[in-house]
Structure formats: C-alpha cells, structure tokens
DNA sequence: TACACCTTTTACAAAACTTTTACAAGACCC
DNA sequence: GGGTCTTGTAAAAGTTTTGTAAAAGGTGTA
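Residue numbers (the numbering used here), protein chains in the order written: chain A, 1 to 126; chain B, 127 to 252.
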C-alpha cells in the first residue's frame with residue numbers, strides 16, 4: 001500500500017487462470033510459481049498487460065520501458081520478448097502475439113470452450 | 127516502529143520451526159541456540175522480519191537501520207547481510223532472499239510439503 | 001594504554017542482468 | 001520464386017549490482 005491511493009479504480013493486479021501479476025509488488029507467477037522476472041522483463045510484461053487486447057507498438061514499448069526516443073535501432077526489445085516467452089513456457093503462444101511491423105499484443109488466457117463431459121445422459125448404448 | 131508502540135497488536139516475537147526472535151529483549155536464537163547477534167545485525171534482521179514476505183528496499187534498510195539518507199554509496203549493508211547469513215548457517219538460503227537491484231526479503235521457514243500418504247480411499251481395485 | 005569487540009571501508013571477485021552482434025527464419029510484396 | 005524488410009535466436013560483450021575477505025576505523029573498558 002503506497003501512501004496515497006492515486007486511483008481507486010486502478011487495478012492492483014492482473015489475474016487469469018494461469019498468470020498472476022501483482023503491480024504493487026512487481027511480481028508475477030505462473031500456475032502459482034514465481035516467474036522470477038528481471039526488472040526489464042517485468043516492465044515489459046506489465047506494460048503489455050496494462051493494454052490487454054490492444055497492440056502496443058514497438059515505438060511505445062521502447063519509449064516507455066527503455067526511454068528510447070524514436071529512430072534507435074536495437075534488438076533489445078526482441079531479446080526481452082524472447083526471454084519473457086521462454087519464462088511463460090507453454091503459454092507464451094497464448095499470451096504474447098507478434099503484430100508484424102507494428103508491435104506486440106497481450107491476450108488473456110481464455111479457458112478453451114469446454115467440451116462438456118457432463119454425465120453422458122445421452123450416451124449411446126448405455 | 128519507534129519508541130512508541132503504535133499498535134497494541136504488535137507482535138512481541140517472531141517464531142517458526144527454527145528461528146525465534148524476541149523483539150522485546152532483542153535476542154534471537156536458532157534451533158534453541160542463542161544466535162549472538164550484534165546490535166546492527168539484530169536491527170537488520172528485525173526489520174526484515176517485521177516485513178516477512180515483503181521486499182524491503184536497500185534504501186529503506188539503509189535509512190531505518192543506519193539513518194543514511196539516500197544517495198550514499200556503501201557496502202556496509204551487504205557486509206551485514208553476509209554476517210547475518212553466516213550466523214543463520216544452513217538456513218540462510220531459506221530465510222534471506224536477495225531481490226536484485228531492489229533489496230532483500232525475509233521468508234519464513236516452511237515445512238516441506240508433506241507428501242501425504244493418506245489412506246488411499248480411492249485406490250482402484252481395493 | 002592495551003585489549004576486545006563491533007562497524008565501516010576498500011578492493012576485488014562473482015553473479016545477475018542488459019545490450020549488441022551476427023545470422024537464421026519468417027512475412028510481405030512484386 | 002526472388003527481393004526486401006522484420007522478427008527470432010544464440011552467443012558474446014558490456015554494464016551494474018552483490019558477495020566476500022581483509023584492513024582500517026571506532027568505542028568502550030579494564
């Protein structure tokens with residue numbers, strides 16, 4: 001708890017079925033295991049998550065995470081994205097999407113449409 | 127916490143399976159053996175323990191244990207952490223965690239998850 | 001003063017993290 | 001498909017932070 005609550009509606013955390021990101025403590029965990037993100041990795045993921053569902057341009061990421069003004073050519077963003085994906089393991093494909101020539105987009109985990117194996121009332125041959 | 131007891135519910139001591147810290151008498155023992163902490167060592171450990179589970183920044187530690195205002199470059203904190211760890215012996219890894227570029231965090235001792243060999247009520251073929 | 005004990009500094013080693021490099025792989029357009 | 005631009009990747013290089021041993025500095029006390 002910071003001394004002043006800036007915005008009552010400001011989300012303290014992101015959470016879905018697998019990923020949990022605590023903005024206050026700057027920690028992240030996947031399936032209840034601490035993800036052990038480095039500072040830059042966290043900043044990057046946090047910024048993407050704060051724009052869930054929206055593309056964040058490379059330009060914006062480089063500016064807000066690195067403070068790089070435009071026109072700087074570097075691969076550091078890509079390298080960090082890669083390490084983030086690695087730590088997200090099997091879910092990386094679900095979460096981080098590349099938008100060619102634009103940037104990246106974070107997508108929340110959505111439970112796969114459950115092919116409901118309800119009691120097979122209608123099972124044939126029962 | 128300064129000279130005044132702010133909260134009536136303020137814990138008098140910290141205790142887990144191995145470590146016991148008495149805030150009132152400012153003493154600590156590990157597996158029932160007095161730890162023989164020096165003043166600064168005690169203050170440091172106490173501050174960390176008063177924030178169990180939370181990261182305490184280097185800045186905060188330097189301010190509250192040493193009274194150092196910001197922007198002072200010193201390795202004295204690290205040296206004290208080292209001596210604390212030494213005295214905590216085999217448990218140091220469990221208790222004191224380094225958060226790179228941020229500070230340190232005290233974690234309580236947790237008994238290893240007991241692989242409960244409960245009666246296999248649901249065992250097949252029983 | 002001499003001693004014992006504690007704290008801080010110093011100087012360097014080691015570890016953690018970030019950025020660059022160099023090239024492979026993929027995407028887009030003709 | 002060929003050409004070009006963008007992204008992915010592994011490894012090296014660079015930077016910053018932390019760990020450590022030893023020396024130096026303080027403080028209290030007999």
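Positions of the beta carbon are idealized from the N, C-alpha and C atoms, including for glycine. These figures come from a predicted structure and were not determined experimentally.
- A residue is called buried once 16 or more other Cβ atoms fall within 10 Å of its Cβ, and residue 150 of chain B, having fewer, is exposed.
- Chain-ordered, the chain B residues with CB closer than 7 Å to the CB of residue 39 of chain A read 227.
- The beta carbons of residue 174 of chain B and residue 232 of chain B sit closer together than 8 Å.
- The segment 164–217 of chain B contains, as complete beta strand (DSSP E) runs of 3+ residues, the segments 181–183 (chain order).
- Setting aside the 5 residues that flank it on each side, residue 16 of chain A is surrounded in the same chain by 108 and 109, each with a C-beta closer than 6 Å to its C-beta; the list follows chain order.
- Selection A/112, A/93 and A/73 evaluated against residue 82 of chain A yields A/93 as nearest (Cα-Cα).
- The beta-carbon separation of residue 104 of chain A and residue 56 of chain A, rounded to 6 Å, stays under the 8 Å limit for a contact.
- Look at residue 103 of chain A here: in three-state DSSP terms it is strand.
- For residue 238 of chain B, no pairing in a beta bridge is given by DSSP.
- Straight-line measurement puts the Cα of residue 155 of chain B at about 9 Å from the Cα of residue 148 of chain B.
- As DSSP reads the structure, residue 223 of chain B sits in a beta bridge with B/231.
- Excluding the 5 residues flanking it on each side, residue 59 of chain A has same chain C-beta neighbours closer than 8 Å at 70 and 103, in chain order.
- The C-beta distance from residue 65 of chain A to residue 43 of chain A rounds to 5 Å, short enough to fall under 8 Å.
- Between the alpha carbons of residue 101 of chain A and residue 225 of chain B lies a gap of roughly 35 Å.
- Around the beta carbon of residue 216 of chain B, fewer than 16 other beta carbons lie within 10 angstroms, which makes this residue exposed.
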